[in-house]
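Under this note's numbering, think of the first position of the sequence shown as 221, with each following residue one higher. Since the structure comes first, as structure tokens, the remarks are kept for the end.
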Amino acid sequence: MSECTDKIKDLLINRAVLKQDVFENTKKQFQMFKEVVKNEIDCLKSELNNDRVRLFYEDKGDYEIHAYIGSDVLVFNMHTNVFRFTDDNPLWKSSYLANNKGMGYCGVINVYNFLAESFLQGRMNDAGFLIGRIFLNKENHFIVEGKGKLGVLYRDFVNTTLTKEVWKDVVEHTFIHAIEFDLISPPYENVSVVSVMQIKSLSSSLQMKTSKRLGFKFQAEQEKII
Numbered sequence: 221m222s223e224c225t226d227k228i229k230d231l232l233i234n235r236a237v238l239k240q241d242v243f244e245n246t247k248k249q250f251q252m253f254k255e256v257v258k259n260e261i262d263c264l265k266s267e268l269n270n271d272r273v274r275l276f277y278e279d280k281g282d283y284e285i286h287a288y289i290g291s292d293v294l295v296f297n298m299h300t301n302v303f304r305f306t307d308d309n310p311l312w313k314s315s316y317l318a319n320n321k322g323m324g325y326c327g328v329i330n331v332y333n334f335l336a337e338s339f340l341q342g343r344m345n346d347a348g349f350l351i352g353r354i355f356l357n358k359e360n361h362f363i364v365e366g367k368g369k370l371g372v373l374y375r376d377f378v379n380t381t382l383t384k385e386v387w388k389d390v391v392e393h394t395f396i397h398a399i400e401f402d403l404i405s406p407p408y409e410n411v412s413v414v415s416v417m418q419i420k421s422l423s424s425s426l427q428m429k430t431s432k433r434l435g436f437k438f439q440a441e442q443e444k445i446i
């Protein structure tokens, strides 16, 4: 067996198998996450008992769910690839990762916020926002990057592990962020010029490009995501 063959074998054992372990654990955790989201929706429906408030859950397969809350929809999407923290990430200086570099490989769950009507009316031009990313390794250590409190509550990757109770807290804070983030009317000058095609689209299927931040959203906004 050549030196290169030995190296390939070593990489397959230590890298490919590791990534499979991370993926399988992330998928397992995402199933628990789905249950938590559904239970939270059911609990809110029971507590509110108000048919005018939109509250429902859609399972879109193994890797995606939609949670409709009022005028919002939260899309939770599990990425099917495994990622490694960048070399300049300060987490590598921790004893946890320094002693086992494999713990720096994580699965990712992305959290997107859209207007519910964008999905329900099929407004394909509407924009949404990435409001959070959950990184978890095969030992269930995790961090959350995100907007508002989502970006500060769970930053201790070394000492924090996922449980059903922690998932519930993460879900509740994503709901709070989405509900508090209102649809804002844009400045007049940003939407004063409209094409015939946009008006025809609006009158036929309300398909002018819409997002929560600017109402009718054109090129005026180029927001950097996280």
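Every residue gets a Cβ at the ideal spot worked out from N, C-alpha and C, and that includes glycine.
Option in the options with minimal Cα separation from residue i
| i | options | result |
| --- | --- | --- |
| I363 | L370, N357, Y332 and Y374 | Y374 |
| V168 | S266, D241 and E278 | Given that the chain is displayed from residue 221 to residue 446, the structure contains no residue 168 and the question cannot be resolved. |
| N379 | F303, K367, N360 and I351 | N360 |
| N245 | A398, V390, H299 and F349 | H299 |
In DSSP terms, what residue i is bridged to
| i | result |
| --- | --- |
| F243 | DSSP lists no partner for F243. |
| L356 | G327 and F362 |
| M298 | I329 |
| T381 | H361 |
| L335 | D292 |
| F303 | C326 |
Buried versus exposed call for residue i [16 or more other C-beta atoms within 10 Å across all chains shown]
| i | result |
| --- | --- |
| C326 | buried |
| G324 | buried |
| A236 | exposed |
| M344 | exposed |
| M252 | exposed |
| K227 | exposed |
| K384 | exposed |
| Q249 | buried |
| D292 | buried |
| N309 | exposed |
| N357 | buried |
| G281 | exposed |
| R353 | buried |
Start-to-end residues for the alpha helix (DSSP H) that takes in residue i
| i | result |
| --- | --- |
| L279 | A small correction: the amino acid at residue 279 is Asp; Leu does not occupy that position in the sequence shown. That residue, D279, is in no alpha helix (DSSP H); its beta strand (DSSP E) goes L275 to D279. |
| A347 | Neither: A347 is in no alpha helix (DSSP H) and is coded neither H nor E. |
| A318 | S315 to A318 |
| L231 | E223 to L231 |
Endpoints, the beta strand (DSSP E) within which residue i is located
| i | result |
| --- | --- |
| Y288 | E284 to I289 |
Stretch-stretch touch, CB-based, cutoff 8 Å, three pairs: the region 333-342 with the region 287-294: yes
Across the region 224-234 and the region 305-317, are there enough close Cβ pairs to call them in contact, namely three or more that are closer than 8 Å? no
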